[in-house]
Amino acid sequence: MDPSFAREPDILRLEGVKKYYPIRRGFLQRTTGWVRAVENVSLAIASGKTLGLVGESGCGKTTLARMILRLLPSDAGRILFRGVDIASASAKEMQPLRREIQIIFQDPYGSLNPRMTVGQTIAEGLRTIGIRNHGEQAQRIEHLLERVGMPAASADRYPHEFSGGQRQRVGIARALSVGPALIVCDEPVSALDVSIQAQIINLLKDLQDQLGLSYLFISHDLNVVGYLCHHVAVMYKGQIMEYAGADELFENPLHPYTHVLLSAVPDPEAGKKSLGEQAEDDRPEPPAEPPDVCRFHVKCPETDDRCRLFNGELTQVGMDHFVRCWKR
Amino acid sequence: MTRDRSDVLLAVEGLKVYFRSEDEIARAVDGVDFEVHRRETVCLVGESGCGKTVSALAVMGLISSPPGEIAAGRIIFSGRNLLNENDNGMQKIRGRRIAMVFQEPLTSLNPVFTVGEQIAEPLRIHLGLPEAEIRKRSARLLQDVGIDSPDERLKDYPHQLSGGQRQRVMIAMALACGPELIIADEPTTALDVTVQAQILKLMNRLQQSHEMSILYITHDLGVVSQIADRVYVMYAGVIVEQGSLEQIFKTPRHPYTQALLAALPSRKKRGQRLYSIPGHVPNPAYKPPGCPFHPRCPKATPPCRGLYPGMCGFETGHWARCPVTAGRGPEDWCR
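From first to last, the protein sequence lines stand for chains A and B.
In this text, residue positions in the first sequence follow numbering that gives the first Met the number 0: the first is 0, and each later residue adds one.
In this text, residue positions in the second sequence follow numbering that gives the first Met the number 0: the first is 0, and each later residue adds one.
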């Protein structure tokens, strides 16, 4: 039931990871229910590869990312980084692991400290790995900036002096400063213009080739995911609905939700007006739901009585292909 | 695709919008021509800072002066030059005959008024309807944009709605007085792909049922391919290419349009490197002489560095501001 691919060693494995938030109501703030932000998520990222995580806002992608970075404690399950469980590691055990896992954020404007020069921002990372000598810091900063395609002189400048794409490069240099093996990329290109987006995507690919980095690439843009990712996991309301190799997922999608997502993706190369088949329906749904039924049954075009009563298991249907739908 | 001139609803001709500061003039829109015909969806596409939003604001008469200034041009809307209208005249057109839908529905809707109160406003101001009629119309409008139980939703405040529903309310407000033209400025940028597709579908449907025209402003070529009949590509304050959706995406002629399409990631391009345009968009106060794209253009020739290129025709309705690609002589260079 949990997606694993034996060929490459996994750098990260998630096993039954959960995060529930209480819903509190009334004067006494009693817990009246739970929002199941992340529910029983099992996934793996192969070393040196990119796993795309797609789904709409509120589906739990970012919550999952924050648990992987241990910025947020998980409620259940194991998060194994090279076999060590991050979820249960003590603060002291966590320290060396934090260097190994870094993050790049969506908003390059909000994620850099406006009062620190680019050099100071990167030096902060260097200090945490014990590089305190100023000469050595300067040398490393220059090297990191060069690596992300920025002139060495930018070290003395402030974030506001740069464009969005340049700031995103600085964010990448900062993440690289501690020598990570896994980088969580949380929508890193969705705020950028097309031409800049292409530069950052190329940079991420180059860095992966040169440094052997693994990426967890969170995005809602399936064109970017299809271009960059080796495997793709589709998340809906806290659960993984489908997981497969990128080509397999795009060519042979099995879950009805994956169909809906793919039919909404624009295809500029087609050169004619095209819009998918999905219904014009975006009613908000109640955040808390009855226990274990299919999360997608309300909007699913194929729904029937059984979907309203039971939830499917994430089941293997092909090599490297898992789907949570009992009809498949 | 030759069209009857009487079919032209909006014609922007030679529009220049400048913003003055103490020591420089930013030429945000620098000689733009475009047309919107009746019952068609036109996309104005370009990267941030290319002048697409400023062009739209100029049509709406919303350029604040100072610092803004309409330095040249005409904006002809169903036979009248809007630039000659006074504030009073513009108020009768804005919201009634031309309506606008903005990018961020949460900031464009007033958080302290209910949806019903906000939809009622244009109906009261422009049409002067009695209150009972306004209530009936408002509910009808919400129903038109696909909102369930409209009578209850009218009592909701904006924060009680989802992002997609808020954008639907914005569209309902724009539709309120039956405008001939809707200007939509990146209305789906903040939304999920599936919700975005729903909103685009809604706009396509309304455009047909209400026989309106839509001027759609976006930086997203994916969205363009889902909604446009005709496309204008903008770069550094000028239109560099115009054509039908198919012409622009299948046979792009301007090197900038070609570069933009080559930079788009897709699954088919896996393993290939994405094309990235070298350099950056010029500062509107310090544009290069000649073709504004020449410093970044792989096909630039010596005349491109000094002479401003004219529009060159390719097929019917397909124009690009590039005499080099067109293989043209000196007659297509001007200025």
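Think of the CB as a built atom: it goes at the ideal place given N, C-alpha and C, for glycine as much as any other residue.
Taking only beta-carbon atoms, is residue i less than 7 Å away from chain A?
i, result
"Glu-245(B)", "yes"
"His-218(B)", "yes"
"Ala-196(B)", "yes"
"Arg-272(B)", "yes"
"Arg-229(B)", "no"
"Ser-5(B)", "no"
"Ile-181(B)", "no"
"Leu-14(B)", "no"
"Arg-37(B)", "no"
"Leu-259(B)", "yes"
"Glu-314(B)", "no"
"Arg-320(B)", "no"
What are the boundary residues of the alpha helix (DSSP H) that includes residue i?
i, result
"Met-169(B)", "162–174"
"Asn-87(B)", "86–92"
"Leu-111(A)", "From DSSP, Leu-111(A) is part of no alpha helix (DSSP H); its letter is neither H nor E."
"Gly-306(A)", "Checking the sequence, you will find Cys at residue 306(A) rather than Gly. Per DSSP, Cys-306(A) belongs to the alpha helix (DSSP H) from 304–308."
"Arg-4(B)", "Here Arg-4(B) belongs to no alpha helix (DSSP H), and DSSP marks it neither H nor E."
"Pro-104(B)", "104–107"
"Ile-171(A)", "163–175"
"Met-66(A)", "60–67"
"Tyr-234(B)", "No alpha helix (DSSP H) contains Tyr-234(B), which is instead part of the beta strand (DSSP E) from 229–234."
"Asp-185(A)", "Premise fails: Asp-185(A) lies in the beta strand (DSSP E), 181–185, not in any alpha helix (DSSP H)."
"Thr-324(B)", "322–325"
"Tyr-214(A)", "Per DSSP, Tyr-214(A) belongs to no alpha helix (DSSP H); it is in the beta strand (DSSP E), 213–218."
Taking residue i as part of the beta strand (DSSP E), name the residues at either end of that continuous run.
i, result
"Glu-210(B)", "Taken as a continuous stretch (DSSP letters only), Glu-210(B) belongs to no beta strand (DSSP E), as it is neither H nor E."
"Phe-248(B)", "Per DSSP, Phe-248(B) belongs to no beta strand (DSSP E); it is in the alpha helix (DSSP H), 244–249."
"Phe-249(A)", "That residue, Phe-249(A), is in no beta strand (DSSP E); its alpha helix (DSSP H) goes 245–250."
"Tyr-19(A)", "9–24"
"Val-37(A)", "29–45"
"His-320(A)", "320–322"
"Glu-335(B)", "Only positions 0 to 334 of chain B appear in the structure, and residue 335(B) is not among them; the question remains open."
"Cys-77(A)", "First, the residue type needs correcting, since residue 77(A) is Arg and not Cys in the sequence shown. From DSSP, the beta strand (DSSP E) with Arg-77(A) extends over 75–80."
"Gly-317(A)", "314–317"
"Gln-271(B)", "Here Gln-271(B) belongs to no beta strand (DSSP E), and DSSP marks it neither H nor E."
"His-293(B)", "Per DSSP, His-293(B) belongs to no beta strand (DSSP E) and is neither H nor E."
"Ala-258(B)", "Here Ala-258(B) belongs to no beta strand (DSSP E); instead the alpha helix (DSSP H) covers 254–262."
"Thr-49(A)", "49–53"
"Tyr-373(A)", "Lying before the first or after the last residue shown, residue 373(A) is absent from chain A, which here runs from 0 to 327."
If residue i sits next to residue j, beta carbons under 8 Å apart, how far is it from one beta carbon to the other, in whole angstroms?
i, j, result
"Asp-143(B)", "Ala-175(B)", "Their Cβ separation, rounded to whole angstroms, is 10 Å, which puts Asp-143(B) and Ala-175(B) out of contact at 8 Å."
"Pro-281(B)", "Pro-288(B)", "Rounded, the Cβ-Cβ distance is 11 Å, inconsistent with contact."
"Ala-43(A)", "Asp-84(A)", "Rounded, the Cβ-Cβ distance is 14 Å, inconsistent with contact."
"Val-11(B)", "Val-44(B)", "At roughly 16 Å, the Cβ-Cβ gap does not stay under 8 Å, so Val-11(B) and Val-44(B) are not in contact."
"Gly-221(B)", "Pro-267(A)", "6 Å"
"Gln-119(A)", "Val-177(A)", "So it is not a contact: roughly 15 Å between Cβ atoms."
Regarding residue i and the ligand PLP, is the C-beta to nearest heavy atom distance less than 6 Å?
i, result
"Gly-94(B)", "By its list of ligands, the structure shown contains no ligand whatsoever, and the ligand PLP lies outside what it can speak to."
Does the beta carbon of residue i sit closer than 7 Å to a beta carbon anywhere in chain B?
i, result
"Lys-271(A)", "yes"
"Ala-263(A)", "yes"
"Tyr-226(A)", "yes"
"Ala-5(A)", "Note on Ala-5(A): pLDDT 47, under 50, position unreliable in the model; the coordinate value appears next. Output row for Ala-5(A): interface = no."
"Leu-253(A)", "no"
"Asp-192(A)", "yes"
"Gln-28(A)", "no"
"His-219(A)", "yes"
"Ile-85(A)", "no"
"Asn-310(A)", "no"
"Leu-13(A)", "no"
"Glu-145(A)", "no"
"Leu-274(A)", "yes"
"Ala-197(A)", "yes"
"Ala-287(A)", "With a pLDDT of 49 at Ala-287(A), under the threshold of 50, the predicted position of this residue should be treated as unreliable, and no value is reported."
For chain D, find out if any of its Cβ atoms is closer than 7 Å to the Cβ of residue i; answer yes or no.
i, result
"Ala-235(B)", "Within the model displayed, chain D is absent; protein chains A and B are what it includes."
My parser needs the beta strand (DSSP E) runs of 3 or more residues fully inside the region 8–58 of chain B; what are they? Segments of the beta strand (DSSP E) lying fully in the region 8–58 of chain B: 24–36 and 40–44.
Are there three or more Cβ pairs, one per stretch, closer than 8 Å when the region 9–27 of chain A is compared with the region 222–230 of chain A? Segments in contact, no.
Which runs of the alpha helix (DSSP H), 4 residues or longer, sit entirely within the region 122–158 of chain A? As far as the region 122–158 of chain A is concerned, its whole alpha helix (DSSP H) runs of at least 4 residues are 133–146.
So, does the region 15–31 of chain B touch the region 235–252 of chain B, judging by three or more C-beta pairs under 8 Å? Between the region 15–31 of chain B and the region 235–252 of chain B, the count of C-beta pairs closer than 8 Å reaches three or more; the two stretches touch.
Segment contact flag, the region 191–202 of chain B with the region 248–268 of chain B, C-beta cutoff 8 Å, min 3 pairs: Proximity of the region 191–202 of chain B to the region 248–268 of chain B falls short of the contact definition, fewer than three beta-carbon pairs being nearer than 8 Å.
Taking one C-beta from the region 300–307 of chain B and one from the region 214–221 of chain A each time, how about it: are there three or more such pairs within less than 8 Å? With fewer than three CB-CB distances shorter than 8 Å, the region 300–307 of chain B does not count as touching the region 214–221 of chain A.
Count the CB pairs spanning the region 79–98 of chain B and the region 55–69 of chain B that are closer than 8 Å, and state whether there are at least three. Yes, they touch.
Any chance the region 30–40 of chain A sits against the region 191–203 of chain A, with 3 or more Cβ pairs inside 8 Å? Three or more beta-carbon pairs separated by less than 8 Å are not found between the region 30–40 of chain A and the region 191–203 of chain A, which leaves the two stretches without contact.
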